[in-house]
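Reading through the structure tokens given below for one structure.
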Amino acid sequence: MARSNQSSDAAPGKTKKPKKQRWYHQVWAAYQMTRRQDPSVTWLLLGVFVGVLLLGLVVGLLIGHPIYVTVVAVPFAALATMYMLTRRAERAAYTQISGQPGAARAALGTVRGGWTFEDEPVAVNARTQDFVFRGVGRPGVVLVSEGPAHRVGRMLEDERRRIARVLPNVPITLIQMGDDDGQVKLTKLARAVTKLKPKLTRPEAAEVGKRLKALGGQRLPVPKGVDPFKARPDRKGMRGR
1 MARSNQSSDA APGKTKKPKK QRWYHQVWAA YQMTRRQDPS VTWLLLGVFV GVLLLGLVVG
61 LLIGHPIYVT VVAVPFAALA TMYMLTRRAE RAAYTQISGQ PGAARAALGT VRGGWTFEDE
121 PVAVNARTQD FVFRGVGRPG VVLVSEGPAH RVGRMLEDER RRIARVLPNV PITLIQMGDD
181 DGQVKLTKLA RAVTKLKPKL TRPEAAEVGK RLKALGGQRL PVPKGVDPFK ARPDRKGMRG
241 R
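Right, here's the structure in full:
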């Protein structure tokens, strides 16, 4: 009896290791999220899978090996279905965050290729919740605004001048994210950044990033790991400036 009590007492003290998420768990989570935003995605995915199989069957009938070609077409059908799910999931994710404060930063988080973006905005209009986010990469510095064109133009220009005084020879690109004429839509923001041509070496880009961190900027008090959509400006700090 004593042994059983000791083992039962020791069991709750053990920390359970978190279960590893397999790839199919991620696929299922992406499908569920997409289905909430786009209920027709199930039929679309089934149509893509069956369509590729039928194409394989037709090709097999033409060459006289219908069963063999259809079996070979199964992985291609799965691949096409996964590609379609990825595209639909991306569109659903953008739809989910569209219109929320910090949507531009969420979209910039998908940019790869050596880009680094600040977790917090470098310029903020606390009343209208317009933001300017800053990133550094081989094309130089990119400033991305979030808000209507008639309000964010001045914010972008002020931040550009502030950076140009410290880094006069570094290219600075201004991008306005929004739905107004001349602005880049949220769904195309990451692509617009990745299309910028490299003008700096990797060591130069790293040095620019270090100098910009020392420069600092006006920031929302958002600790790391906190959802930026739920952040609120530090009003006491704003009054103290």
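All residue numbers for the sequence shown refer to the UniProt record's numbering, where the first residue is 1 and numbers rise by one. Note that CB positions come from ideal geometry on N, CA and C, so glycine has one too. These numbers come from a predicted model, not from an experiment.
Worksheet item: Using CA coordinates, which residue listed in 78, 96, 123 and 91 is at the minimum distance from residue 48?
Response: Position 48 of the sequence shown, counted from the start, is the residue given in the question as residue 48. Comparing Cα positions, the closest option is 78.
Worksheet entry | Of the residues 64, 73 and 36, the one placed nearest residue 54, counting alpha carbons only | Taking the sequence shown and counting its residues from 1, one reaches residue 54 at position 54. Here the closest residue by C-alpha is 73.
Discussion item. Taking 9 Å as the threshold (C-beta atoms), are residue 151 and residue 125 in contact?
Written reply: Taking the sequence shown and counting its residues from 1, the one referred to as residue 125 is at position 125. Taking the sequence shown and counting its residues from 1, the one referred to as residue 151 is at position 151. The answer is yes: Cβ separation under 9 Å.
Fill in: Beta-carbon proximity of residue 136 to residue 116, cut-off 9 Å
By one-based count along the sequence shown, residue 136 stands at place 136. By one-based count along the sequence shown, residue 116 stands at place 116. Yes, these two residues count as a Cβ contact at 9 Å.
Worksheet item: Is it the case that the Cβ atoms of residue 162 and residue 200 are separated by a distance below 9 Å?
Response: Position 162 of the sequence shown holds residue 162. Position 200 of the sequence shown holds residue 200. No, the pair does not count as a contact, with Cβ atoms beyond the cut-off.
Discussion item. Here's the rule I'm using: 16 or more other beta-carbon atoms within 10 Å means buried, otherwise exposed. How should residue 156 be labelled?
Written reply: By 1-based counting over the sequence shown, the position of residue 156 is 156. With 16 or more Cβ atoms within 10 Å of its Cβ, residue 156 is classed as buried.
Worksheet entry | Cβ neighbours of residue 140 in the same chain (closer than 7 Å, five flanking residues each side left out) | The sequence position of residue 140 within the sequence shown is 140, counting from 1. Answer for residue 140: 170, 171, 172, 173, 199 and 200, listed in chain order.
Practice prompt. Tell me, please, whether the CB atom of residue 188 is closer than 9 Å to any CB atom in chain B?
Written response: Within the model displayed, chain B is absent; a lone protein chain is all it includes.
Discussion item. Whole angstroms are fine: how far does the CA of residue 60 sit from the CA of residue 71?
Written reply: Working through the sequence shown from its first residue, we reach residue 71 at position 71. Working through the sequence shown from its first residue, we reach residue 60 at position 60. Straight-line Cα distance between these residues: approximately 10 Å.
Worksheet item: Between residue 107 and residue 50, what straight-line distance do the alpha-carbon atoms span, to the nearest angstrom?
Response: Here the question's residue 107 lines up with position 107 in the sequence shown. Here the question's residue 50 lines up with position 50 in the sequence shown. Between residue 107 and residue 50, the C-alpha separation is close to 33 Å.
Fill in: Runs of alpha helix (DSSP H) lying entirely within the region 124-174, each at least 4 residues, in chain order
149-166
Worksheet item: Just how far apart, CA to CA, sit residue 93 and residue 208?
Response: For this step, residue 93 is matched to residue 93 along the sequence shown. For this step, residue 208 is matched to residue 208 along the sequence shown. So the alpha carbons of these two residues sit roughly 32 Å apart.
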